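One line per chain: the protein sequences are A and B, in this order.
The first sequence begins at 1 in this note's numbering and counts up by one.
The second sequence begins at 508 in this note's numbering and counts up by one.
Working notes for the structure below.
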Amino acid sequence: MLPGRSYRLMLFNSYIFIFLFLPVTIIGYFGLNKINNRIAKAFLVAASLWFYAYFKLAYLPVIIGSICVNFGFSRLFKKEKYHRKWIFVSGIVFNIALIFVFKYLDFTVSNINAIAGTNLPLMHILMPLGISFFTFQQIGYLVDVWNEETEDHDFLEYSLFVSYFPQLIAGPIVSLSEMLPQFKDEEKGRFDWNNFTDGVYIFTFGLAKKVLIADTLGHMVDFAYPLYETLTGPEVIASAVVYTLQLYFDFSGYCDMAIGLGRMFNFKLPINFNSPLKATSLQEYWDKWHMTLGRFLEKYVFMPIAFSTPGMKMNAAQKKRGVKKPQAWTVITMILTFLISGIWHGANWTFILWGLSHGFVRAFQHLTGKKRKKLPKALRWTTNTIFVVWAMALFRADSLKQFFTMLGRLGTGWSEGIRIGILNCFDVTELVYIERHIPSLFILSRKAPWINMALIVALATFIALVPKNLHEKPIKKTVITAILTFALFAWSLISLSNMATFLYFNF
Amino acid sequence: MNKTINPKKWGITVLALILIFVIAVGAAVYYVDPFWHFHGPTAGLSYPYVDERYMNDGIARHFDYEAIIAGTSIAENFKVSEVEELWGFTTIKQTAASATFYEQDGYVRRALSHNPGVKLVIRSLDATRLVTGPTDESYDDIPKYLYDESVFNDVRYLYNKDVIQRVTEVINYTRAGNVTKSMDEYGVWYPYATYGRDEVLAGLIDYSDFTEEVMFDEQAAKTLWINVEENVLKTAREHPDTEFVFFIPPYSAAYWYGMVKTKQLSYTIEAYKLAVSRLLTEKNIKVYDFSDKVDITTNLDNYMDTLHYGEWINDKMLKWMHEGEGELTVDNYEAHLDKVKEIYENLEYDYE
């Protein structure tokens, strides 16, 4: 009867994770640490692999294989004297090939079919969870080993570095050099109330961002996007704005949860979001949005390409003479880096165009930087945010056709506004409950059915733009923060599941 | 309140509050159990009905019954008391609006697994659900965690803000002096319906674009065959002592007008022919058709829209089925359905 999906996720915002996985892993890890630190680490690796395998057992060999092969490559070219470079290159090729097969093969084949008129079969491979993250992380690792930027490490430490569950499926993308000293520090094997409670606090805020805000906004986006052919101009704009907020709260919330989890285990993961929607330029935006990806792309993509040209290698005399770096090459590298970022985000022309558009606008802002800085901050923020939201609409689209159809509808339906079905997506249980029990609010919600949408979007926008980032402030352990943490956790917990409304179509 | 406290104290306070919350909420939901997932109605509490997809399994688990009414909105207005009067069987409803065959069969199977002694299943044979995939569902978010024996996924029921709200509703409903309504009222939509010719004709569309005859081709036949096999016949074979009664409803003449105008009349009749021929291969299946009740179908005041008739038609259908009126047999079903086709092909419609 009514079987569930063939695969499932153990997300941080799931009951099994909160009620079972996390308590078992914390107790097991710190308990075993009292016996032996290496056994505890092995336990953490095993737990992380359980976390991963819960998605699909058949993909466990993919991540284990990837860990073994990458570690093998690093050992090989470290020892090898004559063929180092080729072994290193083979390692990089292995990772790219792995991600290509699982993520890009069908996309490539379907494009070949479309262009050449062939009928090559598609593989319809289900992409292994987090493959983009653990592959990038390991490419970075191979480069770091090649550049001799890593300390000595063994297979267990390396396995933990790749598989450590808080950052395994959605980042932050970490480097071995920032995790290894922490893994080696046996003191971190002792349960620490200060770190644990910091972790609980950060995790809870991340959970609330994801469950209470992002998922609420997501209902509207999921409802509106499939209607793209009939959306009115206001609906297109509302969908894009709401999706921008949704993705921010979703991804940053998830990363906060990851950082909080890391802290519970006494490990410090890098922050990944620093109020990016406050940015007044794309440079600032990318310094604050998915920061560890930006850091990765800068170190492993932009810099190697940028400095691979003779023109960029300036000696002191040239610098003194004021010789300028070739702008054209900087711009090309910038666009190329964003193109790679777009491709990394997904196998679809929407992501490629998204990456390219970010590249071009970033380059444009780079070229006009001085003049742009003279503009009022509000104007810079507005223009930058309009572009970010525009690009988000593209990022969310299932196809270029969907995106351009939506763009084409921008000029339509301004007298109609936003349809009731979309507005109803914001009728969350809490607001409806309050409105039903306060007659004046009930009347208001009937007279102005957009009120819930306005309230939720305004609140989300306020949180995204006004308060300081969670990681900027020290965590105060007071009675108030204890009650706040409990209340947010409890509210999020009972919001993990809800009742569906089965709209009667066709009866 | 704003004074910094020891992290250990802070942590223990937060964890203790969470633990108390988890125990308290879990206990409250378990005790009230608004969908009767863990137990039947708690003594002293009255329960408002909610969407059937949340309550069907609870009813099937904890109620006493010998007969089941299943199907979609065209079966929701049946009264179990009528079945009880006519057949003498205690009856429950397992209906769900817009359910596919797969979903309808799922509810029937679940009920039969809870109560294998069921003697009668009455189920609708919706034209719109004949040619659907064997595992198609009308919705993505059917609460499947209520439809299995796993205790682990019950957390989705125990810690669910909407369910908690239902708990408060049960309490408020009881406090207001209400009693749980009879099963006759479960899933019904007639109290909210407006009937009449104008309502029905308002649902007609511009048919000028439909110029090509829709063929009931091999692919459609195969899909229907598999759908009926998987979602009707298998269950009937597994329960030879249960009688399964299917009925083709008396859709309004405006519905058939739509079929004629969209060039789907032959398609629908052929689909029904194949479905009925397959159903009649099992001895414990009976099929009735009321499409030829022209006195009813042409009087649009009997309808809310082209498909949905008033509850008085449901009452009539139960009587007819009990009396054997409109029964299709291996010998008569083709001629009968051809007659239905002829009726609506030649009817003089005045709907434009």
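In this text, a Cβ means the ideal position worked out from N, Cα and C, and glycines have one as well.
Since this is a predicted model, take the numbers as computed values, not measurements.
Cβ-based neighbour list, residue i, same chain, cut-off 7 Å, excluding 5 preceding and 5 following
i, result
"A/G140", "S175, F296, Y300"
"B/D808", "Y702, G703, R704"
"B/P747", "N791"
"A/F196", "M264"
"B/D713", "none"
"A/A78", "A small correction: the amino acid at residue 78 of chain A is Lys; Ala does not occupy that position in the sequence shown. So the list reads V145, once near-sequence residues are dropped."
"B/E858", "Per the sequence shown, residue 858 of chain B should be read as Tyr rather than Glu. So the list reads L708, L711, A761, Y764, once near-sequence residues are dropped."
Residue-level contact to chain B via CB, residue i, 7 Å cutoff
i, result
"A/M499", "yes"
"A/F203", "no"
"A/T25", "no"
"A/I131", "no"
"A/F489", "yes"
"A/Y54", "no"
"A/I259", "no"
"A/L493", "yes"
"A/K477", "yes"
"A/T197", "yes"
"A/Y225", "no"
"A/W329", "no"
"A/W414", "no"
"A/M10", "no"
"A/A482", "yes"
"A/G4", "Unreliable placement is indicated for A/G4, whose pLDDT of 38 sits below 50; no coordinate value is reported for it."
"A/T333", "no"
Proximal residues to residue i (C-beta, below 8 Å), its chain only, five neighbours per side dropped
i, result
"A/V428", "T216, N452, I456"
"A/L105", "M123, I125"
Contact with chain A by residue i, beta-carbon distance below 7 Å
i, result
"B/R630", "no"
"B/R663", "yes"
"B/L524", "yes"
"B/K768", "no"
"B/D713", "no"
"B/Q672", "yes"
"B/F754", "no"
"B/K741", "no"
"B/Y762", "no"
"B/P698", "no"
Opposing strand residues paired with residue i [DSSP bridges]
i, result
"B/S588", "Answer by DSSP bridge pairing: none, since B/S588 is not bridged."
"B/A577", "B/Q601, B/R630"
"B/I792", "B/F751"
"B/E834", "B/Y795"
"B/Y810", "B/Y816"
Distance CB(residue i)-CB(residue j) smaller than 7 Å
i, j, result
"B/A582", "B/T597", "no"
"A/V211", "A/S399", "no"
"A/P172", "A/L60", "no"
"A/I16", "A/M10", "yes"
"A/V389", "A/T244", "yes"
"B/T607", "B/D558", "no"
"B/Y614", "B/A577", "yes"
"A/F51", "A/G28", "no"
"B/V536", "B/V674", "yes"
"A/V45", "A/S239", "no"
"B/E818", "B/Y697", "yes"
"A/H290", "A/N272", "yes"
"A/K34", "A/L156", "no"
"A/T485", "B/V521", "yes"
"B/V677", "B/Y554", "yes"
"A/W354", "A/G342", "yes"
"A/G206", "A/D256", "yes"
"B/R663", "A/S497", "yes"
Cut-off 6 Å between Cβ atoms - residues of its own chain near residue i, not counting five sequence neighbours on either side
i, result
"A/R362", "L282, M334"
"B/N756", "Asn is not the amino acid found at residue 756 of chain B; the sequence shown has Pro there. Closer than 6 Å at the Cβ level, and outside the excluded window around B/P756, lie I581."
"B/Y851", "W763"
"A/F489", "T204"
"B/E834", "Y795"
At which residue ranges does the region 717-765 of chain B contain complete beta strand (DSSP E) runs of 3 or more residues, listed in the order of the chain? 750-755
Every unbroken alpha helix (DSSP H) within the region 22-82 of chain A, with a cutoff of 4 residues, ordered by chain: 22-33, 37-53, 60-79
Fully enclosed by the region 167-215 of chain A, which alpha helix (DSSP H) runs are 4 residues long or longer? 176-184, 193-208
In chain order, each beta strand (DSSP E) run of at least 3 residues that lies wholly inside the region 98-130 of chain A: none
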